Amino acid sequence: MLRKLFVIAFFVILIGFIGKAYRLDEGQVIILTQQMKVSVHLIMAAAIVIFVFIVLHYFLRFFVFIRQSPGSWRKYKQDRILNKRLAFLESALVDTIKDDSSLAEYHFKRAAQLDTERHQIEQLVAIRHLIDTGQLEQAQSEISDFNTEDIQLKSCALYLLAKIYRLNHQPSSAISSIKQIKTYKQSKQLCQLLAQCLLDDNQHQELLQLVTQRSALSSAEKQQWGTKAHTLAIEEYIATNQITDAIRYYEQVASHFAKEPNIVIAYLVCLNLKHDIKTLSRQIDRFLPQLLTSQHTDHLIPLIDSLDQKDLLRQIESICHRALEKAEEKITALTCRAIVHTKQSYYEKAIDDYQSILHLNPDFTICVAARLAISELEKRK
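Going by numbering that gives the first Met the number 0, the sequence shown opens with residue 0, and the numbers climb by one from there.
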């Protein structure tokens, strides 16, 4: 601005010097018409021309401003709304980081109210926070009113609806919602949710089909879900006392599933229920060393506790001895051996095994079980 003023001052002084040199202050502008003659001082004429030019220039600028002002006002309002919306979104994200779901839901809804064209994402996130806070009825009501033509947002809405159905113990409805998403096999989260819902709904054959198809699930995840499906199938046969069918089912299971601890334990339970001691002994000798070092042995202890045959008990005791010499994780082997010693009436040995478990600092549940067992054995001595 200062530079501009200097340039203008320079030209004014320059014009003044030129006018003085050529005596322009004595000049006149004469306008002739048929009826009159008008004579105007040259400097006055120049001043009038400059004044008219300035007035015309600012008039045109004012005219342009008037024409642009509605758009500028709209832009100003939009910028103001956008800034408010961004502020609410920032607050919502901060609340999400802090795990304050109720406040995050409020801020996402406020952000959605400020933009009627692009509010649906915020609306879905607000529904997600309703789910996280356990407000399932309100979340389902809002998701039912949600309507969009955007395929991606529609997929998100169906995913949230499936989560609501699962939390409401409606796995069949959740499965139906997931399968409405055409690309569900390309999403790991959707495949995981579908697998869990199929498991909850006891649809083990459907679950096995899912893990054999090409999907976003990794090989390890397919192995995990396949194991759960096969275990569920065998347990269903056991629950309906179809023991022969359960054994036949196990014999048809693929080899990479047949060695999974939970499936093996279910198979051993079937052999015990069928009283096939010869096969049971052979399979215990084959699988028990692996089971004693596995982390997935929820049903192993009840199985060992259900056995009474002396030969089997001696066999299990021998396997536990060998496992304890090598294994780092000893709690399962000690528990099984303590049960065997109890059945053999070797109460001192059983107490020693339970004491060894306590020295390993197990979790609270195992610790309580060991102390109760010791208390009971003390009475039998």
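Each residue gets a CB set at the ideal place from its N, CA and C atoms; glycine is no exception. This structure is a prediction, so every number in the text was calculated from the model and none was measured.
Suppose you measure from the CA of residue i to the CA of residue j; what does that come to, to the nearest Å?
{"i": "VAL54", "j": "LYS83", "result": "41 Å"}
{"i": "LYS348", "j": "VAL339", "result": "10 Å"}
{"i": "LYS325", "j": "ALA372", "result": "25 Å"}
{"i": "SER214", "j": "GLN179", "result": "16 Å"}
{"i": "LEU207", "j": "GLY133", "result": "31 Å"}
{"i": "ARG2", "j": "GLU121", "result": "51 Å"}
{"i": "ASP131", "j": "GLN202", "result": "27 Å"}
{"i": "LEU189", "j": "TYR158", "result": "7 Å"}
{"i": "PHE87", "j": "TYR183", "result": "32 Å"}
{"i": "ALA194", "j": "ARG379", "result": "48 Å"}
{"i": "THR211", "j": "CYS269", "result": "26 Å"}
{"i": "ASN167", "j": "PHE256", "result": "32 Å"}
{"i": "GLU234", "j": "ASP200", "result": "14 Å"}
{"i": "VAL263", "j": "TYR345", "result": "29 Å"}
{"i": "HIS118", "j": "SER154", "result": "16 Å"}
{"i": "GLU136", "j": "ARG60", "result": "59 Å"}
{"i": "HIS106", "j": "ALA138", "result": "16 Å"}
{"i": "ILE126", "j": "ILE174", "result": "20 Å"}
{"i": "SER186", "j": "LEU376", "result": "54 Å"}
{"i": "SER143", "j": "LYS108", "result": "16 Å"}
{"i": "LEU287", "j": "ILE96", "result": "46 Å"}
{"i": "PHE64", "j": "ILE49", "result": "23 Å"}
What are the boundary residues of the alpha helix (DSSP H) that residue i is part of?
{"i": "GLU324", "result": "309-325"}
{"i": "LYS108", "result": "100-112"}
{"i": "GLU141", "result": "135-144"}
{"i": "ILE177", "result": "170-178"}
{"i": "SER214", "result": "Note, SER214: premise wrong, no alpha helix (DSSP H); not H, not E."}
{"i": "PRO288", "result": "276-291"}
{"i": "ASN201", "result": "Per DSSP, ASN201 belongs to no alpha helix (DSSP H) and is neither H nor E."}
{"i": "GLN223", "result": "218-238"}
{"i": "ASP244", "result": "242-251"}
{"i": "TYR164", "result": "150-166"}
{"i": "ASP340", "result": "In the sequence as presented, Asp is not what sits at residue 340; that position holds His. Note, HIS340: alpha helix (DSSP H), 330-342."}
Buried or exposed: residue i, going by 16 or more other Cβ atoms within 10 Å of its Cβ?
{"i": "TYR176", "result": "Note that residue 176 corresponds to Ser in the displayed sequence, not to Tyr. When all chains shown are included, SER176 counts as buried."}
{"i": "PHE62", "result": "exposed"}
{"i": "LEU81", "result": "exposed"}
{"i": "THR226", "result": "buried"}
{"i": "TYR57", "result": "exposed"}
{"i": "PRO301", "result": "exposed"}
{"i": "ASN261", "result": "buried"}
{"i": "HIS358", "result": "exposed"}
{"i": "ILE303", "result": "buried"}
{"i": "ALA110", "result": "buried"}
Candidates the options: which alpha carbon is nearest residue i's?
{"i": "ASP98", "options": "VAL263, LEU129 and ILE120", "result": "LEU129"}
{"i": "ALA161", "options": "GLN185, ILE150 and LEU197", "result": "LEU197"}
{"i": "THR334", "options": "ALA245, ILE365, PHE52 and ARG281", "result": "ILE365"}
{"i": "TRP224", "options": "ASN146, ALA322, GLU259 and LEU102", "result": "GLU259"}
{"i": "ILE246", "options": "GLN222, HIS255, ASN271 and ALA228", "result": "ASN271"}
{"i": "THR243", "options": "ILE264, GLN222, ASP275 and ARG109", "result": "ASP275"}
{"i": "ILE356", "options": "ILE330, SER344 and GLU89", "result": "ILE330"}
{"i": "SER171", "options": "ARG321, LEU216, LEU192 and ASP284", "result": "LEU192"}
{"i": "LEU290", "options": "CYS319, SER305, GLN308 and ASP144", "result": "CYS319"}
{"i": "LYS221", "options": "ALA232, LEU85, LEU359 and LEU209", "result": "LEU209"}
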